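*Asks:* Following the working numbering, the numbering of the sequence shown begins with 13 at its first residue and continues without gaps. All C-beta atoms, glycine included, are put in the ideal place defined by N, C-alpha and C. In this text, all values refer to a predicted model and were calculated from it rather than measured experimentally. My questions will all concern the structure given below.
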Amino acid sequence: MKILHINTERTWRGGEQQTLYLLEGLKARNIVCHLVCQPGSPMQERAEKAGIDAFPIAMRGEADLPAGYRIRTLIRKYNYAIIHAHTSHAHTLAYLASIGTAVRRLVTRRVDFSIFRRSFLHLSGFKYRFMAHGYIAISNKVKAVLEADGIAERRIFVVHSGIDPQRFKQANGDQLRPEFDIKDNEKIVINVAHLAGHKGQKYLIQAIPHVLATLPDTRFFIVGRGELRDELQALAFALGLQSRLVFTGFRSDVGAFYKIADLCVMSSIEEGLGTAVLDAMACGVPVVATAAGGLPEIIRDGKTGRLVAPSDPSALAEAIIELLTHPRLAEAMAAQGRTEVRQCFSIEAMVDKNIEVYRKIMAYNQSNLG
Numbered sequence: 013m014k015i016l017h018i019n020t021e022r023t024w025r026g027g028e029q030q031t032l033y034l035l036e037g038l039k040a041r042n043i044v045c046h047l048v049c050q051p052g053s054p055m056q057e058r059a060e061k062a063g064i065d066a067f068p069i070a071m072r073g074e075a076d077l078p079a080g081y082r083i084r085t086l087i088r089k090y091n092y093a094i095i096h097a098h099t100s101h102a103h104t105l106a107y108l109a110s111i112g113t114a115v116r117r118l119v120t121r122r123v124d125f126s127i128f129r130r131s132f133l134h135l136s137g138f139k140y141r142f143m144a145h146g147y148i149a150i151s152n153k154v155k156a157v158l159e160a161d162g163i164a165e166r167r168i169f170v171v172h173s174g175i176d177p178q179r180f181k182q183a184n185g186d187q188l189r190p191e192f193d194i195k196d197n198e199k200i201v202i203n204v205a206h207l208a209g210h211k212g213q214k215y216l217i218q219a220i221p222h223v224l225a226t227l228p229d230t231r232f233f234i235v236g237r238g239e240l241r242d243e244l245q246a247l248a249f250a251l252g253l254q255s256r257l258v259f260t261g262f263r264s265d266v267g268a269f270y271k272i273a274d275l276c277v278m279s280s281i282e283e284g285l286g287t288a289v290l291d292a293m294a295c296g297v298p299v300v301a302t303a304a305g306g307l308p309e310i311i312r313d314g315k316t317g318r319l320v321a322p323s324d325p326s327a328l329a330e331a332i333i334e335l336l337t338h339p340r341l342a343e344a345m346a347a348q349g350r351t352e353v354r355q356c357f358s359i360e361a362m363v364d365k366n367i368e369v370y371r372k373i374m375a376y377n378q379s380n381l382g
């Protein structure tokens, strides 16, 4: 079985980490897999470092015909059984490159919003119905959204994302304390996520004044970059949070923040699954999250963390205060969460389940479309 993976992202986020984990796992199982990615991207750099055969092809959009032609050349040369697309643009490129071939097309869907949300004239309906043989949904919530959008249930396979619980084992947060002038008496709350609307950071920022009214020695760190940074910083300034909230931007030492955190908060209004939450739980950090998307598939409210309603700053603040003022309760939830993450969300399980899907896809014929 030969598999060609396509990832069109130029930056490094959770989906790219999952792609790399899968590639490494397949390679370890002696399954031939190659990668098409953007030239000079973190995906290319890290894949090549891991010994993955990567083909850098400039992909300037989902209808980039020259890129599709180059991918088609690879299909003919290596005779792949499956093309596995890891982004929406890769989905279309995989189709254009493989028209008229026997290759099976598989797409991983990592977001829990409708395929029609940004669809021109609802053309996404055609794309998702006819341009792939199957879909991997990273949570049951993502699967439910695809089904609601008209994709046949038999073509959707749930494979939860996996994490490496040892990923941040060597991380050390000591250097962050002088960098950000963190005092010994301060409680540290972190949010690790792309700065985008569906991550709901504005609700976390709106919750901070409520937390500070009870716990004035709390410091908040939003770790990540994104298109909403200026807007979110303006909101924080308007609320007078300059000394209590830090926007770190992109950090290569994200593991260090998990090491100093008393609490991790995920404020999303939409979330495919939430690997940053899985990382926090694997590090033994207590978690407050919203009951959005696939997050309830990770967290059992009151057992492995706290879940609150999305888009509700007051509920978010109350949960943050609860866990910061009841450290034994928070520690008990964190310990149980750490155990469950290691048992249920391993990289090995994710890779094995992908392989199961590959075998099922190979048995498909044209009647399985639609």
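Answer with buried or exposed for Arg72, where buried requires no fewer than 16 other C-beta atoms within 10 angstroms of its C-beta.
*Replies:* The residue is exposed, with fewer than 16 neighbouring Cβ atoms inside 10 Å.
*Asks:* Under a Cβ-count criterion, where at least 16 other Cβ atoms within 10 Å of its own Cβ denotes burial, should Leu77 be classed as buried or exposed?
*Replies:* Exposed, since its Cβ has fewer than 16 Cβ neighbours within 10 Å.
*Asks:* When you compare only the Cα positions, how much space is there between Leu133 and Ile127?
*Replies:* With a pLDDT of 46 at Leu133, under the threshold of 50, the modelled position of that residue is not reliable, and the figure given next carries that caveat. Taking the straight line joining both Cα atoms gives about 12 Å.
*Asks:* Indicate whether Asn19 and Val48 have their beta-carbon atoms separated by less than 9 Å.
*Replies:* Contact: yes.
*Asks:* Between Gly252, Leu227, Gly212, which has its C-alpha nearest Asn197's C-alpha?
*Replies:* The shortest Cα separation from Asn197 among Gly252, Leu227, Gly212 belongs to Leu227.
*Asks:* How would you write the range of the alpha helix (DSSP H) that Ile332 sits in, first residue to last?
*Replies:* That run of the alpha helix (DSSP H) goes 325-337.
*Asks:* Do Ile175 and Thr287 have their C-beta atoms within less than 9 Å of each other?
*Replies:* Yes; because the gap between Cβ atoms is below 9 Å, this pair is in contact.
*Asks:* Quick check on Asn203: does DSSP put it in helix, strand or coil?
*Replies:* Three-state DSSP puts Asn203 in a strand.
*Asks:* Please list, in chain order, all residues of the same chain as His46 whose beta carbon is under 6 Å from its beta carbon, the five residues on each side excluded.
*Replies:* The answer, listed in chain order, is Leu16, Asp65.
*Asks:* Are the CB atoms of Leu86 and Ala59 within a distance shorter than 9 Å?
*Replies:* Result no, Cβ atoms of Ala59 and Leu86 do not sit closer than 9 Å.
*Asks:* How would you label Ala246, buried or exposed, when you count the other beta carbons within 10 angstroms and need 16 or more for buried?
*Replies:* With fewer than 16 Cβ atoms within 10 Å of its Cβ, Ala246 is classed as exposed.
*Asks:* Mind checking whether Val300 and Ala331 have CB atoms under 9 Å apart?
*Replies:* Cβ atoms of Val300 and Ala331: closer than 9 Å.
*Asks:* Since Ser279 contacts Tyr370 with CB under 8 Å, what's their CB separation in whole angstroms?
*Replies:* At roughly 35 Å, the Cβ-Cβ gap does not stay under 8 Å, so Ser279 and Tyr370 are not in contact.
*Asks:* Hey, how far is the Cα of Gly146 from the Cα of Lys155?
*Replies:* Cα to Cα, Gly146 sits roughly 12 Å from Lys155.
*Asks:* State the start and end residues of the unbroken beta strand (DSSP E) segment that holds Asp65.
*Replies:* Segment 65-68, the beta strand (DSSP E) holding Asp65.
*Asks:* Cα separation between Leu290 and Ile234?
*Replies:* Near 17 Å, if we compare the C-alpha coordinates of Ile234 and Leu290.
*Asks:* Please classify Gly27 as buried or exposed, where buried requires at least 16 neighbouring CB atoms within 10 angstroms.
*Replies:* Under this definition Gly27 is a buried residue.
*Asks:* Return the Cβ separation of Thr302 and Val320 in integer angstroms, given the expectation that the two are a contact with Cβ distance under 8 Å.
*Replies:* Contact flag correct, Cβ pair sits at about 6 Å.
*Asks:* Straight-line CA distance for Ile359 to Glu243?
*Replies:* Near 36 Å, if we compare the C-alpha coordinates of Glu243 and Ile359.
*Asks:* Using the Cα positions of Asp252 and His172, report the straight-line distance between them to the nearest angstrom.
*Replies:* In the sequence as presented, Asp is not what sits at residue 252; that position holds Gly. Distance between the alpha carbons of Gly252 and His172: 39 Å.
*Asks:* Taking 9 Å as the cut-off, decide whether the C-beta atoms of Arg354 and Leu335 are in contact.
*Replies:* Their beta carbons are not under 9 Å apart, which means Arg354 does not touch Leu335 by this criterion.
*Asks:* Just to confirm the assignment, what range does the beta strand (DSSP E) spanning Met278 have?
*Replies:* 275-278 is the extent of the beta strand (DSSP E) around Met278.
*Asks:* In this structure, does DSSP put Tyr147 in helix, strand or coil?
*Replies:* Note: Tyr147 maps to strand in three-state DSSP.
*Asks:* Using a Cβ-Cβ cut-off of 6 Å (strictly less than) and excluding sequence neighbours within five positions of Pro325, which residues of its own chain qualify?
*Replies:* Cβ within range, chain order: Tyr215, Gln218, Ala219.
*Asks:* What's the call for Phe138, buried or exposed, on a 16-neighbour Cβ count within 10 Å?
*Replies:* That one is exposed.
*Asks:* Could you please give the first and the last residue of the uninterrupted alpha helix (DSSP H) stretch that includes Phe259?
*Replies:* No alpha helix (DSSP H) contains Phe259, which is instead part of the beta strand (DSSP E) from 257-261.
*Asks:* Starting from His96, trace the beta strand (DSSP E) both ways and give me its first and last residue.
*Replies:* From DSSP, the beta strand (DSSP E) with His96 extends over 94-97.
*Asks:* According to the neighbour-count rule (16 or more other Cβ atoms, all chains shown, within 10 Å of its Cβ), is Ser379 buried or exposed?
*Replies:* With a pLDDT of 47 at Ser379, under the threshold of 50, the modelled position of this residue cannot be trusted, and the question is left open.
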